[in-house]
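**Student:** Protein sequences, first through last, are from chains C and L.
Per my numbering, the very first residue in the first sequence carries number 81; after that it's consecutive.
Per my numbering, the very first residue in the second sequence carries number 81; after that it's consecutive.
By construction, the Cβ of each residue, glycine as well, lies at the ideal position given by its N, Cα and C atoms.
2 protein chains.
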Amino acid sequence: MSQCEAHGHVKRSEPSLTKNQQLVWDVLRHASAPMSAYAILDEVRADGLRAPQQVYRALDKLVDTSLVHKLESLNAFVACAQPCCAEHEMVCFAICEACGSVDEFADDQIEQQFAEWTKRSGFVRRQTAVEIKGLCKGCAAQA
Amino acid sequence: MSQCEAHGHVKRSEPSLTKNQQLVWDVLRHASAPMSAYAILDEVRADGLRAPQQVYRALDKLVDTSLVHKLESLNAFVACAQPCCAEHEMVCFAICEACGSVDEFADDQIEQQFAEWTKRSGFVRRQTAVEIKGLCKGCAAQA
DNA sequence: CAATCCGCGTTATAACATAACAGACCAATC
DNA sequence: GATTGGTCTGTTATGTTATAACGCGGATTG
Ligand SMILES: [Zn+2]
Ligand SMILES: [Zn+2]
Ligand SMILES: [Zn+2]
Ligand SMILES: [Zn+2]
Chain C
81 MSQCEAHGHV KRSEPSLTKN QQLVWDVLRH ASAPMSAYAI LDEVRADGLR
131 APQQVYRALD KLVDTSLVHK LESLNAFVAC AQPCCAEHEM VCFAICEACG
181 SVDEFADDQI EQQFAEWTKR SGFVRRQTAV EIKGLCKGCA AQA
Chain L
81 MSQCEAHGHV KRSEPSLTKN QQLVWDVLRH ASAPMSAYAI LDEVRADGLR
131 APQQVYRALD KLVDTSLVHK LESLNAFVAC AQPCCAEHEM VCFAICEACG
181 SVDEFADDQI EQQFAEWTKR SGFVRRQTAV EIKGLCKGCA AQA
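#1: Quick one, are the C-beta atoms of F185 (chain C) and A174 (chain C) less than 9 Å apart?
#2: How would you label Q133 (chain L), buried or exposed, when you count the other beta carbons within 10 angstroms and need 16 or more for buried?
#3: Would I212 (chain L) pass as a contact of A209 (chain C) if the rule is Cβ separation under 9 Å?
#4: Got a sec: is the Cβ-Cβ distance from A199 (chain L) to anything in chain C below 9 Å?
#5: At a CB-CB cut-off below 9 Å, which residues of chain C make contact with Y214 (chain L)?
#6: Assess, as a yes-or-no matter, whether the segment 185 to 198 of chain L is touched by the segment 161 to 171 of chain L under the definition of 3 or more beta carbon pairs within less than 8 Å.
#7: Please report the residue range of the alpha helix (DSSP H) in which R109 (chain C) lies.
#8: Tell me, please, whether the CB atom of Q83 (chain C) is closer than 9 Å to any CB atom in chain L?
#9: Would you identify the three-state DSSP class for R206 (chain L), choosing helix, strand or coil?
#10: So with Cβ pairs under 9 Å, would you call E152 (chain C) a contact of chain L?
#11: Using 8 Å as the cut-off, classify the Cβ of G180 (chain C) as near or not near the heavy atoms of ligand 2, replying yes or no.
#12: With DSSP run on the structure shown, which of helix, strand or coil describes D183 (chain L)?
#13: Comparing the C-beta of D183 (chain L) with each C-beta of chain C, is any distance below 9 Å?
#14: Taking the continuous alpha helix (DSSP H) assigned at C219 (chain C), which residues delimit it?
#15: Please find out if some non-hydrogen atom of ligand 4 comes closer than 8 Å to the beta-carbon of C165 (chain C).
#16: From P163 (chain C) to T198 (chain C), what does the alpha carbon distance come to, in whole angstroms?
#17: Taking the Cβ atom as the reference point for each residue, do N100 (chain L) and V135 (chain L) lie within a distance shorter than 9 Å?
#18: Please tell me whether, using a cut-off of 8 Å, the distance from the CB of A161 (chain C) to the nearest non-hydrogen atom of ligand 1 is below it.
#19: Say yes only if the C-beta of G202 (chain L) is nearer than 8 Å to one or more non-hydrogen atoms of ligand 2, and no if none qualify.
#20: Taking CB distances under 9 Å as the criterion, tell me whether E211 (chain C) reaches chain L.
#21: To the nearest angstrom, report how far apart S112 (chain L) and T98 (chain C) are at their CA atoms.
#22: Can you grab the Cα-Cα spacing for the pair A166 (chain L) / N155 (chain L), in whole Å?
#23: Flag C216 (chain C) as yes when its Cβ comes closer than 8 Å to any non-hydrogen atom of ligand 4, and as no otherwise.
#24: Can you tell me which of the three DSSP states A161 (chain C) falls into?
#25: What does DSSP give as the partner residue(s) for L151 (chain L) in the beta ladder?
#26: Can you tell me whether G214 (chain L) is buried or exposed, with buried defined as 16 or more other CB within 10 angstroms of its CB?
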């Protein structure tokens, strides 16, 4: 397992967040599963936010700074679960179709294979999104 | 490069398609870029289809049988570009952000690394979607 | 002949995301 | 100190993507 501790990366300094960004981030940090923008909106209504735009704008920024990731296959967002995600060109998610849990991970071996493919193909990689669907260990045991 | 020819897979027998599925598939086969369901609908209006459902139902089936893939990060669909896609648990797309071209590929090395991660983690993989964004060789040369 | 499954067509609606306008704030620079 | 440019904000309206729900008809099968 190649978690970020192994890379010797310095823990990123947290960018200062605006009020709305902070509100959205707090919701996601305490969420137990990915949330859609509208689900987030429902949570922050009490704090005065009313329109989708306000949430989407905050999300844009949070995604830009890698504090939050978008799960494209779910149209939903999760707080980043890795300390040095921004240092990786790649992020992988294992999404359990039974319980909805999402495991974010990085894997140097996998990343290296993509790097080699990149070399061969001439494609200039900016960002790689990997979404694995299936059953998490726990759910697979039950089935 | 590990294309399907290398695997010795038998070319799949094409499942029989219904009229609507055939119409949708024909549109996608001749498309030069991924198409949204609504863009497809515009193309098949001349053939009598009118409602999104008709297109989405055809797409569901085509995706099930791996004749068509959904690009989650684009909310769009492409005809499968590999002869033996259904035999792979995994499919990778390289999406050029400049010209919109999409390259579908399979890579045994990459697939194997995911298989090893699966072993370690206990996650039971059903399907893996990889969408790489960046610049294709041609567009990178220009820039 | 049911009973079942699957695809079809339709209307309506849900869910996800952005456009466009205007005001507030802050820092940089003239 | 005024002007400018950038970023965040709030708001209304709209666009885009996807599904729910109903009823019909044909094929399959026991
Ligand atoms: Zn992360
Ligand atoms: Zn699970
Ligand atoms: Zn394919
Ligand atoms: Zn290109």
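**Tutor:** Result, derived from the coordinates:
#1: Yes, the Cβ-Cβ distance between F185 (chain C) and A174 (chain C) is below 9 Å.
#2: Classification of Q133 (chain L): exposed, given that the 10 Å Cβ count is below 16.
#3: Yes, these two residues count as a Cβ contact at 9 Å.
#4: Note on residue identity: the sequence assigns Lys, not Ala, to residue 199 (chain L). Chain C contact via Cβ: absent.
#5: The identity of residue 214 (chain L) in the sequence shown is Gly, whereas the question assumes Tyr. The answer, in chain order, is T198, F203, V204, R205, R206, Q207 and T208.
#6: Yes: the two stretches touch, three or more of their Cβ pairs being nearer than 8 Å.
#7: Going by DSSP, R109 (chain C) is part of the alpha helix (DSSP H) stretching over K99 to R109.
#8: Bear in mind that the predicted position of Q83 (chain C) carries a pLDDT of just 47, short of 50, making it unreliable; the figure below should be weighed with that in mind. Not one chain L Cβ lies under 9 Å of Q83 (chain C).
#9: Three-state DSSP puts R206 (chain L) in a strand.
#10: Yes, E152 (chain C) counts as interfacial toward chain L.
#11: Yes, Cβ of G180 (chain C) sits closer than 8 Å to a heavy atom of ligand 2.
#12: The answer is strand: DSSP assigns D183 (chain L) an E or B state.
#13: In terms of beta-carbon proximity, D183 (chain L) lines the interface with chain C, with at least one pair separated by less than 9 Å.
#14: Its alpha helix (DSSP H) spans residues K217 to Q222.
#15: No heavy atom of ligand 4 is found nearer than 8 Å to the CB of C165 (chain C).
#16: Approximately 26 Å, taken between the alpha carbons.
#17: Between N100 (chain L) and V135 (chain L), the gap from beta carbon to beta carbon is short of 9 Å.
#18: True, at least one ligand heavy atom lies under 8 Å from that Cβ.
#19: No, since every heavy atom of ligand 2 falls outside the 8 Å radius drawn around the Cβ of G202 (chain L).
#20: For E211 (chain C), at least one C-beta of chain L is nearer than 9 Å to its own C-beta.
#21: Using only the alpha carbons, I get a separation of about 42 Å.
#22: Answer to the nearest angstrom: the Cα atoms are 21 Å apart.
#23: Checking every heavy atom of ligand 4 against the Cβ of C216 (chain C), none is found closer than 8 Å.
#24: Coil at A161 (chain C), not helix or strand.
#25: The beta-bridge partner set that DSSP reports for L151 (chain L) consists of L:A156.
#26: Buried, by the Cβ-count rule.
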